[in-house]
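J.: Structure below; questions to follow.
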Amino acid sequence: MLLRIPQALTPEELTEVRRLVLGADWADGRITAGSQSATVKNNLQLPEDLHAAQQARHIVSVALARNPMFVTGALPKSVYPPLFNRYGGQTNAFGDHVDNAVRTHAATARHVRTDISCTLFLSDPASYDGGELVVQDTYGEQRIKFEAGDLVMYPGTSVHRVEPVTRGERLACFFWIESMVRLDAQRRLLYEMDMAITALRQKDLDQRHGNDTQAESPELVRLTGCYHNLLRMWAEV
Ligand code: NI
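The opening position of the sequence shown corresponds to residue 0 in numbering that gives the first Met the number 0, with each subsequent residue numbered one higher.
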C-alpha cells in the first residue's frame with residue numbers, strides 16, 4: 000500500500016526542520032547503506048548523532064505521533080529514528096535497491112524490521128528538477144514527488160530509487176517502521192476498514208442529528224468489533 004499523508008508537518012515545523020538541518024555538517028550517504036545499496040547510493044546524509052539532527056528528528060517524531068492517518072496506516076510498533084538526506088550537484092541520485100530488512104540503531108542497539116519505508120518531502124517541488132521517488136509496484140512504477148511537508152509510506156519490500164536531481168536540491172527526511180501488523184495486505188485491509196468505519200460513524204451521528212449521547216447503531220458496533228478482532232488476530236505487540 001502506498002499512502003500519501005498531506006501536510007504531516009505544519010509550515011512552522013517545516014521551516015524549523017529545514018533551518019536546523021541545512022545549517023549542519025553533512026556526510027556521504029553511504030554511512031547507512033548496505034553492501035548492495037552502497038554501489039548505487041550517491042547522496043548526502045546528516046550524521047544522526049548531530050545535535051541539529053536530534054532536534055529535527057524530535058519535531059518529526061512528535062508530528063507523526065499526533066497524526067491519525069499515519070497511525071492507522073502504519074500501526075507502528077517501532078519507528079527507526081528519522082534520518083535526513085539531500086540530493087543535488089554531484090551527489091544527486093540513488094539507484095534501484097531494496098532497503099535492508101532489519102535496521103539496528105547504533106546508539107541503542109535496538110532492531111527495527113523495516114515493514115514500511117517513509118519519505119517526508121522537505122523541498123518545494125518547484126525548486127528542483129528530477130528527484131522523483133520511483134517505487135516499483137505490481138502494476139508499474141509509481142513516480143512520487145510531493146509538496147514539502149507531505150509524507151509517503153510504501154512497502155519496505157519494494158524495489159525503489161531516487162531519480163537524479165538535475166537542478167536545485169531535494170531535501171528529505173526518511174525512516175522505517177516496524178508495524179504491529181507485518182504483512183502489507185493485512186495492513187491495507189485494516190486501513191480500508193478503519194476508513195469505512197470512520198465514515199459510517201459520521202453518517203450514523205448525522206442520523207442522530209449530532210446527538211452523541213445516544214448509542215451507535217448495533218451494526219456499527221459489530222463492524223468496529225470485527226476491526227479490533229482482526230487486529231487482535233494479526234497484531235504482534
Ligand atoms: Ni531505500
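In this text, a Cβ means the ideal position worked out from N, Cα and C, and glycines have one as well.
#1: Measure the C-alpha to C-alpha separation of Y153 and V134 and round it to an integer number of angstroms.
#2: Could you tell me how far apart the beta carbons of R169 and G94 are, in whole angstroms, since I believe they sit closer than 8 Å?
#3: Mind reading off the beta-carbon distance from V97 to V59? Whole number of angstroms is fine, and I expect it under 8 Å.
#4: Is the beta carbon of N42 closer than 9 Å to that of V161?
#5: Mapping DSSP to helix, strand and coil, what is R85?
#6: Between R109, S116, F145, Y190, which has its C-alpha nearest G130's C-alpha?
#7: Please report the distance separating the alpha-carbon of K202 from that of Q213.
#8: Does the stretch 63-80 come into contact with the stretch 108-119, if we say contact requires no fewer than three beta-carbon pairs (one atom in each stretch) closer than 8 Å?
#9: Heavy atom of ligand 1 less than 8 Å from the Cβ of H159, yes or no?
#10: Does at least one heavy atom of ligand 1 sit under 8 Å from the Cβ of H96?
#11: Output needed for A55: all residues of its chain with C-beta closer than 6 Å, excluding positions within five of it in sequence on either side, in chain order.
#12: Would the C-beta of F93 count as close to ligand 1, meaning under 8 Å from any of its heavy atoms?
#13: Can you say whether Y127 is buried or exposed, counting buried as having 16 or more other CB atoms within 10 angstroms of its CB?
#14: What residue range is occupied by the uninterrupted alpha helix (DSSP H) comprising I196?
#15: Quick check on L1: buried or exposed, where buried means 16 or more other Cβ atoms within 10 Å of its Cβ?
#16: L49: which of P81, G148, A64 sits nearest, CA to CA?
#17: Measuring straight from C-alpha to C-alpha, what distance separates P10 and G148?
T.: Looking at the atomic coordinates:
#1: Roughly 8 Å between the two C-alpha positions.
#2: By a beta-carbon distance limit of 8 Å, R169 does not contact G94. Their separation comes to about 15 Å.
#3: Rounded, the Cβ-Cβ distance is 24 Å, inconsistent with contact.
#4: Yes; because the gap between Cβ atoms is below 9 Å, this pair is in contact.
#5: DSSP places R85 in strand when its eight states are reduced to three.
#6: The option with the nearest alpha carbon to G130 is F145.
#7: One C-alpha to the other measures close to 14 Å.
#8: The answer is yes - the stretch 108-119 touches the stretch 63-80, with three or more Cβ pairs under 8 Å.
#9: At least one heavy atom of ligand 1 is nearer than 8 Å to the Cβ of H159, so yes.
#10: The answer is yes for H96.
#11: V16, L19, V20.
#12: Checking the Cβ of F93 against ligand 1 gives yes.
#13: Its Cβ being crowded by 16 or more others within 10 Å, Y127 is buried.
#14: Run containing I196: 183-206, per the alpha helix (DSSP H) assignment.
#15: The C-beta of L1 has fewer than 16 other C-beta atoms within 10 Å across all chains shown, which makes the residue exposed.
#16: Nearest C-alpha to L49 among P81, G148, A64: P81.
#17: Spanning the two alpha carbons is a distance of roughly 7 Å.
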